[in-house]
Each structure stands twice: as C-alpha cells, then as structure tokens.
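For the sequence shown, position 67 (counting from the first letter as 1) is numbered 978 according to my numbering, and the numbering increases by one without interruption.
By construction, the Cβ of each residue, glycine as well, lies at the ideal position given by its N, Cα and C atoms.
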Amino acid sequence: MSGFLLVNPRAGRDRPSSEELVEAAQARGIETHVLREGEDPAELARSAEAAALGMAGGDGSLGAVAAVALERDLPFVCVPFGTYNHLAWDAGIDRDDPLGALRAFGGEERRVDVGRLGDDRVFLNTVSFGLYAALVAEEDQAGSRLRAALRLVFRGGDVRLAIDGEPVAARIVVVGNNVYRLHLLEVGHRPRLDGSVLHLGIARGLLPRSWEERRAERFSIDADGPSLEAAVDGEPVRLRTPVELRVEPRALRLLLPERGQDVDDAAEGELLRPG
C-alpha cells in the first residue's frame, strides 16, 4: 500500500496550486484526492487503502484525517497548505514549502500528543473560547486578523465559564495541546509536541495584557447554556456543554521529512528532547 493524500483546495494558499501539489504527489507515487464541496474527508480517509494518510490544508482541515489515522493506527502526514499552519511550524516543517513536505511520506516517524474533545473529536493545536473564538469567526468576513480584532475589541464582554467547577469571567480562554508561548490574539509557538499536558490560558480585561496559565492532563469547561461557541484548531464550532478536554500522550504517528531535507534540525531537537 502507498500513501494517500487529501487536498483541500479552499485552504487559503495561492502557491503552489492544488493542481501543482497533486502533480508533485503523484510523481512520488502518492495517491491523491482533491476534496469537492460536501465530501467528508474522514470517510474518504477511512476507506483508503494506504500505508499512510496525509492532509494538505490549513490547521482546521487536519484533525478529521488525523483522527482516522489514530483509529487505523496509521502514520499521518501534515502538508502545510493553509494560512497559519501551526502544527507544521511546531513540528519543524517548512510552512512555505508544501511540495517539500511531501517527502514526509516514507520519512521519519515521531510520536506526538493529540487533544481530545469528549470521546471522539481530535484537536491538534487549540480549543478557544471568548474573544479568540469570535475573532476566528469574524476573520472570514473582515478579510484580515487585524481588521477583525479592531472590530471585536470593544464589542461585547467576558465569556463566563466554569473551569473544573471554578467560575471564570474572561475575554479569552484557550486550551492548547502542549505548552504554548502565549501571545494575545495569537497562540504563538510550542517548543514541543510530546509533553503530555494541556495548557490553559486565561486573559482578563477589556484590553488583556497578561495570561493566567494552568497545566493539567484534563480540563472540564461548562457554561450556563447547553452549548458554547468555540474555535477548534482555528475553525468556528458550537460545542455541547460541558466540554471535556484531555490529552492523549504520544498517540499520533506523525511522519516528518528526513533530516537534511525539510525539517529544521534545531526545531526538531527541541520538539523531541526528553521530558
């Protein structure tokens, strides 16, 4: 069996085109499928006869295919083809070289953590509530993150939650899969992907200037209503409450391009240093 790559042509990157990416993948013997409107990437990945599953898209596209890789115990390839590509950045993959990332098929395997929402949904980066979740939804309409932030900063108030039973009122609440170097209105960078911990950040005030940070293997987040607006890996969603989050240590078999090709050695060494 060979590799199987799903391509999201609407992920937001102009170059290379999806056609160029497909051509490069097929030249490497990788079976490809460009997603059409309404197709379910998880179902396509579930039925593929492949030794490795890959997704070319933004961060919001990756989780469904990564979840199937977990189900089938297959390696997973992340091809950065979206706007931010946080997972690729933190894994040491060159975010500006999607074609080079195809070398991960047959590359080096590393075990990394995933986050879980309940028993089924996987998140690879973050789950966010409050201003950041609203920012993700607003960004599609505003056309840029800065313009979206300016629209939102003086609108509305705090999100009111119960975190592990403790009432919290804050502008932003974000839960990361592993520890982030947090920056306001942007989640920043993770030094490692295999620390076996969730990292919760709380920012308070109209113009937040600092974070309260907590670390645990699990968090429970509740609200007054039956559901809660959130952003999961940068995609706006509505989650049923309570929201149960946990880390699944070193569950995902992430494939990376071999050293000396597309992985930055310094970033990889930091990612994989012993805990």
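Measuring CA to CA, which of 1040, 1000, 978 is closest to residue 1082? Nearest option by C-alpha distance: 1040.
Classify residue 970 as buried or exposed, calling it buried when 16 or more other Cβ atoms lie within 10 Å of its own Cβ. Buried.
Work out the CA separation of residue 1138 and residue 1147 for me, nearest whole Å. Near 13 Å, if we compare the C-alpha coordinates of residue 1138 and residue 1147.
What does the alpha-carbon distance come out to for the pair residue 890 and residue 1153? Since the first residue of the chain shown is 912 and the last is 1186, residue 890 is not available in this structure.
Ordered list of alpha helix (DSSP H) runs contained in the stretch 937 to 990, each at least 4 residues: Within the stretch 937 to 990, the complete alpha helix (DSSP H) runs of at least 4 residues are 952 to 958, 970 to 983.
Which residues in the same chain have their Cβ closer than 7 Å to the Cβ of residue 1125, if we skip the five residues on either side of it in sequence? Scanning its chain for C-beta atoms nearer than 7 Å, with the 5 sequence neighbours on each side dropped, one finds around residue 1125 the residues 1111, in chain order.
From the DSSP output, read off the bridge partner residues of residue 1157. The partner list for residue 1157 (beta bridge, DSSP) reads 1027, 1129.
Give the single residue among 1090, 966, 1077 whose Cα lies nearest to the Cα of residue 1099. The shortest C-alpha to C-alpha distance from residue 1099 to any of 1090, 966, 1077 is the one to 1090.
Using the Cα positions of residue 918 and residue 965, report the straight-line distance between them to the nearest angstrom. Straight through space, the alpha carbons of residue 965 and residue 918 are spaced by roughly 9 Å.
Are there three or more Cβ pairs, one per stretch, closer than 8 Å when the stretch 999 to 1011 is compared with the stretch 925 to 937? Here the stretch 999 to 1011 lies against the stretch 925 to 937, with 3 or more beta-carbon pairs under 8 Å apart.
Three Cβ pairs or more, each shorter than 8 Å: is that satisfied between the stretch 990 to 1009 and the stretch 945 to 955? Not touching, per the Cβ criterion.
Residue 1020 (DSSP reduced to helix, strand or coil): Shown here, residue 1020 sits in a strand according to DSSP, grouped into three states.
As assigned by DSSP and simplified to three states, the class of residue 926: DSSP, read as helix, strand or coil, puts residue 926 in coil.
One question on the structure: do residue 1018 and residue 1166 come within less than 9 Å of each other, judged by their Cβ atoms? Between residue 1018 and residue 1166, the gap from beta carbon to beta carbon is short of 9 Å.
Going by beta-carbon coordinates alone, are residue 934 and residue 915 separated by less than 9 Å? With contacts defined by Cβ atoms closer than 9 Å, residue 934 and residue 915 do not form a contacting pair.
Which of the three DSSP states is assigned to residue 1147 in this structure? Correct three-state label for residue 1147: strand.
Residue 921 versus residue 1162 - alpha carbon distance: Between residue 921 and residue 1162, the C-alpha separation is close to 28 Å.
Are the beta-carbon atoms of residue 1158 and residue 1028 separated by less than 9 Å? Contact annotation: residue 1158 and residue 1028 have beta-carbon atoms that are not nearer than 9 Å.
Could you name the residues of the same chain whose beta carbon sits closer than 8 Å to that of residue 1202, not counting the 5 residues immediately before and after it, in chain order? Outside the displayed range of the chain (912 to 1186) lies residue 1202, so it cannot be described from this structure.
Among the candidates 968, 1006, 1032, whose CA atom is the shortest distance from the CA of residue 978? Looking from the CA of residue 978, the closest CA among 968, 1006, 1032 belongs to 1032.
Would residue 949 be called buried (16 or more neighbouring beta carbons within 10 Å of its own) or exposed? Residue 949 comes out exposed.
Relative to the C-alpha of residue 994, which residue among 1015, 1121, 967 is closest? Nearest of 1015, 1121, 967 to residue 994, Cα basis: 967.
If you compare alpha carbons, which of 1086, 1085, 1131 is closest to residue 1075? Nearest of 1086, 1085, 1131 to residue 1075, Cα basis: 1131.
Could you give the first and the last residue of the continuous beta strand (DSSP E) run that contains residue 1078? Element bounds for residue 1078: 1077 to 1081.
Can you tell me which of 974, 1042, 985 puts its alpha carbon nearest to the alpha carbon of residue 1034? Residue 1034 has its Cα closest to that of 974, out of 974, 1042, 985.
How many Å lie between residue 931 and residue 990 at the Cα? In a straight line, the C-alpha of residue 931 is about 13 Å away from that of residue 990.
Proximity winner among 936, 1071, 1015, 986, relative to residue 1115 (alpha-carbon distances): Minimum Cα distance to residue 1115 is reached at 1071.
Residues in its own chain within less than 8 Å of residue 957 by CB, not counting five upstream and five downstream? These residues qualify, in order along the chain: 979, 982, 983.
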